[in-house]
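Protein chains: 2
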Amino acid sequence: MFTRIDHVGIACHDLDATAEFYRRVLGFEVTHEEVNEEQGVREAMLRTNGTDDGAASYIQLLEPIRADSPVARFLARHGEGVHHVAFGTGDVAGAADAIGGRGVRVLGGPRPGSMGSRITFLHPKDCGGVLTELVQSAQQDARTESEPDE
Amino acid sequence: MFTRIDHVGIACHDLDATAEFYRRVLGFEVTHEEVNEEQGVREAMLRTNGTDDGAASYIQLLEPIRADSPVARFLARHGEGVHHVAFGTGDVAGAADAIGGRGVRVLGGPRPGSMGSRITFLHPKDCGGVLTELVQSAQQDARTESEPDE
Numbered sequence: 001m002f003t004r005i006d007h008v009g010i011a012c013h014d015l016d017a018t019a020e021f022y023r024r025v026l027g028f029e030v031t032h033e034e035v036n037e038e039q040g041v042r043e044a045m046l047r048t049n050g051t052d053d054g055a056a057s058y059i060q061l062l063e064p065i066r067a068d069s070p071v072a073r074f075l076a077r078h079g080e081g082v083h084h085v086a087f088g089t090g091d092v093a094g095a096a097d098a099i100g101g102r103g104v105r106v107l108g109g110p111r112p113g114s115m116g117s118r119i120t121f122l123h124p125k126d127c128g129g130v131l132t133e134l135v136q137s138a139q140q141d142a143r144t145e146s147e148p149d150e
Numbered sequence: 001m002f003t004r005i006d007h008v009g010i011a012c013h014d015l016d017a018t019a020e021f022y023r024r025v026l027g028f029e030v031t032h033e034e035v036n037e038e039q040g041v042r043e044a045m046l047r048t049n050g051t052d053d054g055a056a057s058y059i060q061l062l063e064p065i066r067a068d069s070p071v072a073r074f075l076a077r078h079g080e081g082v083h084h085v086a087f088g089t090g091d092v093a094g095a096a097d098a099i100g101g102r103g104v105r106v107l108g109g110p111r112p113g114s115m116g117s118r119i120t121f122l123h124p125k126d127c128g129g130v131l132t133e134l135v136q137s138a139q140q141d142a143r144t145e146s147e148p149d150e
């Protein structure tokens, strides 16, 4: 069902300073930046490696753009650190349906994530304290559409 | 310097129950189990994907085996959840030296990690709240030894 660690999401107060830390200290470069108004965050994606499902893994840095966003609330409660872990799938809607049927709360339907992906989340209290994200990348969307099952 | 997300380390109270959750709900199987007496943990590695540096990414589940281990103290303070993020390198000693020279506290010299790897950690207060592990896998050791620089 899931074929990779898609990304690790890290909450920070200052996206530019944190991205510079990852570049200078660990050698990871920002490969994409965007604002997700719905999630209330500015985010940077730092590609760490390619994965054997044809996609890639990333560090995702998240800075809140308003005080009532989930990431702002996380920072107020916990301070900076790991916010969530995301797993990649070719079918986020199907994965969410299957997981919901296993007694885990799915937090809303698939919606836009980073770089044209479709995402949803699982309740951390149902996942051993880990806010777990499900991701279908834009490339996986395109592949699904151009290579239908036969 | 770092060529992959090697693993995400997750602290839990009950390794077997948490591994069963990852199998049943997310479809990830335990591919390795061991006890690390020095770190004071029992751990399970769940391989999520291969990586384009010839290694792989894992979810690492950690259950303390004694009350004074770092993971036991983490659980007492924070409850279950993400404990650390590990990045893979072909030269953990060199990476640690370089990073120490950039003003980040390295927590001890390279020592045994999961599956024959060599590991060390960076202080979370120097890394935006993320306990950051550096990993040189056993395969990377073997490759280095069998293919010396010419």
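First to last, the protein sequences are chains A and B.
Residue numbering for the first sequence follows the UniProt record's numbering, beginning at 1 and increasing consecutively.
Residue numbering for the second sequence follows the UniProt record's numbering, beginning at 1 and increasing consecutively.
Idealized CB from N, CA, C, for every residue including glycine.
As the structure is a prediction and not an experimental result, all values here were calculated from the model.
Three-way DSSP call (helix, strand, coil) for residue i in this model
{"i": "G9/B", "result": "strand"}
{"i": "R143/B", "result": "Residue placement at R143/B is poorly supported in this model, since its pLDDT is 49, which falls under 50; the coordinates are not used for a value here."}
{"i": "E43/A", "result": "strand"}
{"i": "H123/A", "result": "coil"}
{"i": "E33/B", "result": "strand"}
{"i": "residue 154/A", "result": "An answer regarding residue 154/A cannot be provided, because it is not within the stretch 1 to 150 covered by chain A."}
{"i": "E80/A", "result": "coil"}
{"i": "A138/B", "result": "helix"}
{"i": "G90/A", "result": "coil"}
{"i": "T18/A", "result": "helix"}
Cβ-Cβ separation, residue j to residue i (assumed contact under 8 Å), whole Å
{"i": "L75/B", "j": "A19/B", "result": "No, L75/B and A19/B are not in contact; Cβ-Cβ is about 16 Å, not under 8 Å."}
{"i": "E43/B", "j": "L62/B", "result": "5 Å"}
{"i": "I59/B", "j": "H123/B", "result": "So it is not a contact: roughly 23 Å between Cβ atoms."}
{"i": "H84/A", "j": "E133/A", "result": "5 Å"}
Contacts of residue i in chain B (Cβ-Cβ under 8 Å)
{"i": "G26/A", "result": "The question names Gly, but residue 26/A is Leu in the sequence shown. By Cβ distance, chain B contributes M1, F2, F87, I99 and T132."}
{"i": "V104/A", "result": "V25"}
6 Å CB neighbourhood of residue i in its chain, flanking five on each side removed
{"i": "F2/B", "result": "F87 and T89"}
{"i": "A72/B", "result": "P64"}
{"i": "I5/B", "result": "S57"}
Chain-ordered neighbours of residue i on chain B, where CB pairs are closer than 9 Å
{"i": "T18/A", "result": "G128"}
Cβ shell of residue i (< 7 Å), same chain only, five flanking positions each side left out
{"i": "A138/B", "result": "M115, G116 and S117"}
{"i": "V41/A", "result": "L62, E63, P64, I65, S69 and V71"}
{"i": "V106/A", "result": "A96, I99, G100, T120 and L122"}
Within chain B, partners of residue i - CB distance below 7 Å
{"i": "G108/A", "result": "Near G108/A there are no residues of chain B at all, since even the closest Cβ is about 18 Å away, more than 7 Å."}
Same chain only: Cβ atoms within 8 Å of residue i, ignoring 5 sequence neighbours per side
{"i": "G81/A", "result": "I10 and A11"}
{"i": "P112/B", "result": "N36, E38, R118 and I119"}
Interface partners of residue i on chain A, CB under 9 Å
{"i": "D52/B", "result": "N49, G50, T51, D52 and A56"}
Under 8 Å by beta carbon: chain A residues contacting residue i
{"i": "G79/B", "result": "G129"}
Partners in chain A for residue i, counting only beta-carbon separations shorter than 7 Å
{"i": "V82/B", "result": "V82, V85 and V130"}
{"i": "V8/B", "result": "I5, V8 and V85"}
Per-residue contacts from residue i into chain E (C-beta, under 8 Å)
{"i": "V30/A", "result": "Chain labels in this structure do not include chain E; the protein chains are A and B."}
(request) Could you say if the region 97 to 113 of chain B and the region 45 to 59 of chain B meet the contact criterion of at least three C-beta pairs nearer than 8 Å? (result) no
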